[in-house]
Amino acid sequence: MTTTQLTADVSLSERAARRLRDIGQAEGRPVMLRVAVEGGGCSGFQYQFDLVDAPQDDDLRVERDGAAALVDVVSLPFLKGSEIDFVDELAGAEFRVRNPNAKSSCGCGVSFSI
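Residue 456 is where the sequence shown starts when you use the numbering used here, and the numbers rise one by one after that.
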């Protein structure tokens, strides 16, 4: 699989796409959000978010309105059917994954179990 491959298994919300474009404009260069699933956290798995300039060889692209998120092929099965969103609440602003595969999650929403 290559970085030019798009995946319909994961979607990017309009709010997340807008936030990625805003970050890119503020930094004067396009940025992409890499989302990965790693072992750990209080529920077994946790999401890792990184802003990057370029994809890695095994990244799959999720695009919306000129913005892109990247998901590696190992994380994709854990994220199937998920939406990457951006929330701006009283407690803070952050990217968040709305994952239908998660059986439970911790209070902060970063850790989950399947």
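No residue lacks a Cβ here, since even glycine has one placed at the ideal position from N, Cα and C.
What you are looking at is a predicted structure, and each value in this text was computed from that prediction instead of being measured.
Separation of S537 and V465 (C-alpha to C-alpha, rounded to the nearest whole angstrom) is 5 Å. Judged by beta-carbon spacing, R519 lies beyond the 8 Å limit of P510, meaning their Cβ atoms are not closer than that value. Across the structure, L545 and R551 are spaced so that their CA atoms are roughly 15 Å apart. It is roughly 25 Å from the alpha-carbon of D512 to the alpha-carbon of R553. If you draw a straight line from the Cα of V492 to the Cα of Q501, it is about 6 Å long. Relative to the Cα of Q503, the nearest Cα in the group G483, A522, I539 belongs to I539. With a cutoff of 8 Å on beta-carbon distance, V486 and D514 are scored as not near each other. When rounded, the separation of the alpha-carbon atoms in S468 and P532 is 19 Å. For R470, there is no enclosing beta strand (DSSP E); the enclosing alpha helix (DSSP H) has its first and last residue at 469-482. Per DSSP, reduced to three states, the secondary structure at L534 is helical.
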